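To keep things clear, I will list the structure first and then write my remarks on it.
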Amino acid sequence: MAEAIIAGMVKMQIVKPDSISATNRSNPVRLNQLADAHGIQADPALKYRYIQEADILILAMKPKDIKNTVEEIGEYTTKDHVVVSVAAGIKTETISGLLGHEAPIVRTMPNTSALVGQSATGLCGGKTAQEEHIEVTSKIFESIGSVFRIPEENMDALTAVSGSGPAFFYYFVEAMLDGAKSVGLEEGLAKELVLQTMLGATSMLMQSGKEPSELREAICSPGGTTLAGLDVLQSHSLNDTVKACVEAATKRAVELGKMNA
Numbered sequence: 258m259a260e261a262i263i264a265g266m267v268k269m270q271i272v273k274p275d276s277i278s279a280t281n282r283s284n285p286v287r288l289n290q291l292a293d294a295h296g297i298q299a300d301p302a303l304k305y306r307y308i309q310e311a312d313i314l315i316l317a318m319k320p321k322d323i324k325n326t327v328e329e330i331g332e333y334t335t336k337d338h339v340v341v342s343v344a345a346g347i348k349t350e351t352i353s354g355l356l357g358h359e360a361p362i363v364r365t366m367p368n369t370s371a372l373v374g375q376s377a378t379g380l381c382g383g384k385t386a387q388e389e390h391i392e393v394t395s396k397i398f399e400s401i402g403s404v405f406r407i408p409e410e411n412m413d414a415l416t417a418v419s420g421s422g423p424a425f426f427y428y429f430v431e432a433m434l435d436g437a438k439s440v441g442l443e444e445g446l447a448k449e450l451v452l453q454t455m456l457g458a459t460s461m462l463m464q465s466g467k468e469p470s471e472l473r474e475a476i477c478s479p480g481g482t483t484l485a486g487l488d489v490l491q492s493h494s495l496n497d498t499v500k501a502c503v504e505a506a507t508k509r510a511v512e513l514g515k516m517n518a
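For the sequence shown, the residue numbers in the numbering used here are 258 to 518.
Structure below.
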């Protein structure tokens with residue numbers, strides 16, 4: 258995710274590449290790759306200097322790494338830093354507590370579609386974050402897709418829907434591909450058909466202004482092929498299964514926040 262954010266900022270000219278610095282725990286090879294690919298600063302020896310001199314710190318890491326990282330860098334930060342978290346489930350108040358001062362915290366949740374500039378990113382500010390902090394963070398994440406400002410109490414649900422959501426869609430595509438091959442379609446053709454069908458359906462949803470149920474019903478005719486397939490999905494409780502999937506992912510986001518507080 259860190260590289261997607263860097264690439265987006267550089268591509269959209271949010272800042273000049275040499276104004277971006279990157280550091281990590283213990284992987285200088287990866288830092289060199291980022292520097293070579295994007296023209297940013299990434300000298301491992303300057304880690305703490307980068308942190309001290311930064312205006313905005315983006316914590317692009319897994320939830321389990323937040324506590325140790327923030328405690329490590331805390332002494333090099335001040336209340337003038339804007340601290341942006343990309344860690345699932347971690348509340349803004351948790352990061353404030355770990356820092357030990359009142360720097361503005363902005364919590365975000367992008368998704369992996371950031372790699373192609375199509376992320377759906379949720380964003381909320383902590384108690385000391387002002388509108389200017391929200392706006393500058395929004396601008397950064399708009400470089401990798403769309404940004405949705407929401408209350409923090411909704412962030413765990415958003416994490417399930419759009420943060421984890423791509424994996425759920427990919428899983429459905431896998432099932433469609435298996436189905437296509439089971440009825441005799443060659444693998445390459447099956448993939449092209451399924452992906453184009455998904456793209457077309459998404460475009461219809463976004464451009465038609467109609468509800469999913471309207472578009473679904475418009476394809477169905479009594480005794481037709483579409484209803485035959487939908488009857489099977491309904492008999493296997495697809496709706497209940499997907500709801501349970503989203504609820505389980507939301508619950509896990511909440512648990513991660515508590516585990517890493």
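We put the CB at the ideal spot given by N, CA and C, even for glycine. Fair warning: this is a prediction, and the values are worked out from it, not measured in the lab.
Segments assigned beta strand (DSSP E), at least 3 residues, entirely inside the region 429-465: Taking 3 residues as the minimum length, the region 429-465 contains no beta strand (DSSP E) run wholly inside it.
Tell me whether residue 477 sits in a helix, a strand or coil according to DSSP, three-state version. Three-state result, residue 477: coil.
Quick check on the burial criterion: 16 or more other C-beta atoms within 10 angstroms. Buried or exposed for residue 516? Looking at its Cβ environment, which holds fewer than 16 other Cβ atoms inside 10 Å, residue 516 is exposed.
So for residue 327, helix, strand or coil by DSSP? It is helical.
Every unbroken alpha helix (DSSP H) inside the region 343-404 [4 residues or more]: Segments of the alpha helix (DSSP H) lying fully in the region 343-404: 349-356 and 388-399.
Distance, residue 296 Cα to residue 275 Cα: Going by C-alpha positions, residue 275 is about 6 angstroms away from residue 296.
For residue 223, does the count of other Cβ atoms within 10 angstroms reach 16, so buried, or fall short, so exposed? Outside the modelled stretch of the chain, which goes from 258 to 518, sits residue 223, for which no answer is possible.
Counting only beta-carbon separations shorter than 9 angstroms, does residue 360 have a partner in chain D? Any reference to chain D falls outside this structure, which holds one protein chain only.
From residue 508 to residue 478, what does the alpha carbon distance come to, in whole angstroms? Answer to the nearest angstrom: the Cα atoms are 39 angstroms apart.
So, under 8 angstroms CB-CB, residue 362 and residue 342 are touching, yes? Tell me the CB distance rounded to an integer number of Å. Indeed they touch by this definition, with Cβ atoms about 7 angstroms apart.
Buried or exposed: which applies to residue 500, given that a residue is buried once 16 or more other Cβ atoms fall within 10 Å of its Cβ? Exposed.
Within the same chain, show all residues whose beta-carbon is closer than 8 angstroms to that of residue 390, passing over the 5 residues directly before and after it, in chain order. Closer than 8 angstroms at Cβ, skipping near neighbours: 339, 361, 363 and 382.
For a test of the three-state rule: what should DSSP assign to residue 283, helix, strand or coil? In this structure, residue 283 counts as coil in the three-state DSSP scheme.
Contact between the region 367-374 and the region 389-405: three or more CB pairs below 8 angstroms? With the cut-off at 8 angstroms, the region 367-374 and the region 389-405 touch.
Taking residue 316 as part of the alpha helix (DSSP H), name the residues at either end of that continuous run. Residue 316 -> not in any alpha helix (DSSP H); beta strand (DSSP E) instead, spanning 313-316.
Based on DSSP bridge pairs, tell me the residues matched to residue 298. In the DSSP assignment, residue 298 forms a beta bridge with 278.
Taking the alpha-carbon of residue 282 as reference, which of 394, 330 and 511 has the nearest alpha-carbon? Looking at the Cα atoms, 330 is the closest of the given residues.
Following the continuous alpha helix (DSSP H) through residue 515, name the residue where it begins and the one where it ends. If you look at residue 515, you'll find it in the alpha helix (DSSP H) that goes 495-516.
Specify the secondary structure class of residue 340 as computed by DSSP and reduced to three states. The DSSP-derived three-state label of residue 340 is strand.
Can you name the residues that DSSP bridges to residue 406? Beta-bridge pairing links residue 406 to 380.
Whole-angstrom distance between residue 461 and residue 392, CA atom to CA atom: One C-alpha to the other measures close to 31 angstroms.
Which value, in whole angstroms, describes the spacing of the CA atoms of residue 398 and residue 367? Looking at the two C-alpha atoms, the distance is approximately 8 angstroms.
Candidates 395, 406 and 353, of which the one nearest residue 385 by Cα: Considering only alpha carbons, the answer is 353.
Check this for me: beta carbons of residue 344 and residue 322, under 9 angstroms apart or not? Cβ distance < 9 angstroms, so residue 344 and residue 322 count as in contact.
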